[in-house]
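S.K.: Chains as they are written, first to last, in my numbering: chain S, -17 to 98; chain V, 433 to 543.
Every residue, glycine too, gets a C-beta built ideally from N, C-alpha and C.
Take a look at this one; I'll ask things after.
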Amino acid sequence: DTGVSQDPRHKITKRGQNVTFRCDPISEHNRLYWYRQTLGQGPEFLTYFQNEAQLEKSRLLSDRFSAERPKGSFSTLEIQRTEQGDSAMYLCASSRNAAGGEEKLFFGSGTQLSVL
Amino acid sequence: RKEVEQDPGPFNVPEGATVAFNCTYSNSASQSFFWYRQDCRKEPKLLMSVYSSGNEDGRFTAQLNRASQYISLLIRDSKLSDSATYLCVVNIPESSYKLIFGSGTRLLVRP
Chain S
-17 DTGVSQDPRH
-7 KITKRGQNVT
3 FRCDPISEHN
13 RLYWYRQTLG
23 QGPEFLTYFQ
33 NEAQLEKSRL
43 LSDRFSAERP
53 KGSFSTLEIQ
63 RTEQGDSAMY
73 LCASSRNAAG
83 GEEKLFFGSG
93 TQLSVL
Chain V
433 RKEVEQDPGP
443 FNVPEGATVA
453 FNCTYSNSAS
463 QSFFWYRQDC
473 RKEPKLLMSV
483 YSSGNEDGRF
493 TAQLNRASQY
503 ISLLIRDSKL
513 SDSATYLCVV
523 NIPESSYKLI
533 FGSGTRLLVR
543 P
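See the structure below:
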């Protein structure tokens, strides 16, 4: 499978615990994105990387969230001291330089986080 | 005002019907526009890009109206398999690679 893969598919945790999610993008894609989606809403931008550089982070993202892409390949998203409001689907997407600079995202299946 | 706004629906139409969705965006400098499709409990997938001159892909037609800052998606001859949520996506001009999603319009096609 050469698509975007995310692990785990589901995560249940207790409030206050730390969680980490992994994303493996499509191999030739240099840009990687994290989005969060709750029921009835569209994906909400969290952050994105170009290769290993984190170029932008949403103002909505608190200090408890951190993302890395150490070698410009896979990425991890960590949430510290989880809160019930963090419960959501966390989606990873990747893209590559396209003709005309047009950005087309390919999404993974997501990690569904439930904070009890 | 939200950056990207869509009517949440649902639009409930019979098979074979023609249905259209609109989406408005707030930043007049946005340059890239897309429609994504999302099935229940699945990830979003690119349906089509939206070009200034309008573009068509089979039964799907997308149009852009820069003056009024909206994009549209027209689906002709609806199929049961078209039932999904359609997400309008617009780039943020200050960051070409940052895409903002609308909340989606839900379409239900009935037999």
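How close, in whole Å, do the beta carbons of V/Thr517 and V/Arg491 come, if the pair is a contact with beta carbons under 8 Å?
M.R.: The pair is not a contact, with the Cβ atoms about 18 Å apart (cut-off 8 Å).
S.K.: Check the Cβ-Cβ distances between S/Gly(-15) and every residue of chain V, and say whether any is below 7 Å.
M.R.: It does not: the Cβ of S/Gly(-15) has no partner Cβ on chain V nearer than 7 Å.
S.K.: In its own chain, which residues sit with a C-beta less than 6 Å from the C-beta of V/Ser462, not counting the 5 before and 5 after it?
M.R.: Closer than 6 Å at Cβ, skipping near neighbours: Val522, Asn523 and Pro525.
S.K.: Whole beta strand (DSSP E) runs in the segment -10 to 78 of chain S with 3 or more residues, listed along the chain?
M.R.: Whole beta strand (DSSP E) segments, 3+ residues: -8 to -5, 1 to 6, 13 to 19, 26 to 32, 35 to 39, 47 to 50, 57 to 61 and 70 to 77.
S.K.: For a cutoff of 7 Å on Cβ pairs, would you count S/Glu60 as touching chain V?
M.R.: Not an interface residue.
S.K.: Under the assumption that S/Tyr17 contacts S/Glu10 (Cβ atoms under 8 Å), give the Cβ distance between them as a whole number of angstroms.
M.R.: Contact doesn't hold; Cβ gap of about 21 Å is too wide.
S.K.: Please state whether the Cβ-Cβ distance between V/Arg542 and V/Pro446 is less than 7 Å.
M.R.: In contact: V/Arg542 and V/Pro446 (Cβ atoms closer than 7 Å).
S.K.: What does DSSP give as the partner residues of V/Glu437 in its beta bridges?
M.R.: Partner(s): V/Thr456.
S.K.: Compare the C-beta of S/Phe89 with all C-beta atoms of chain V and state if any pair is closer than 7 Å.
M.R.: It does: the Cβ of S/Phe89 has a partner Cβ on chain V nearer than 7 Å.
S.K.: Among the candidates S/Phe31, S/Phe89, S/Thr(-16) and S/Gln36, whose CA atom is the shortest distance from the CA of S/Tyr72?
M.R.: Measuring from the Cα of S/Tyr72, the nearest candidate turns out to be S/Phe89.
S.K.: Between the beta-carbon of S/Thr2 and the beta-carbon of S/Thr93, is there less than 7 Å?
M.R.: Cβ distance not < 7 Å, so S/Thr2 and S/Thr93 don't count as in contact.
S.K.: Mind reading off the beta-carbon distance from S/Leu43 to S/Leu28? Whole number of angstroms is fine, and I expect it under 8 Å.
M.R.: About 6 Å separates the two Cβ atoms, so the contact holds.
S.K.: For V/Arg542, write down the residues that DSSP places opposite it in a beta bridge.
M.R.: Bridge partners of V/Arg542: V/Pro446.
S.K.: Expressed to the nearest angstrom, what Euclidean distance is found between the alpha-carbon atoms of V/Asn487 and S/Gly54?
M.R.: Approximately 35 Å between the Cα atoms of the pair.
S.K.: So is S/Pro52 in contact with chain V if we call contact Cβ pairs under 7 Å?
M.R.: No, S/Pro52 lies away from the interface with chain V (no Cβ there is under 7 Å from its Cβ).
S.K.: With a threshold of 7 Å between beta-carbons, can S/Glu121 be considered close to chain V, or not?
M.R.: The structure shown does not extend to residue 121 of chain S, since chain S spans only -17 to 98, so no value can be given for it.
S.K.: Cα separation between S/Arg(-3) and S/Gly24?
M.R.: Between S/Arg(-3) and S/Gly24, the C-alpha separation is close to 25 Å.
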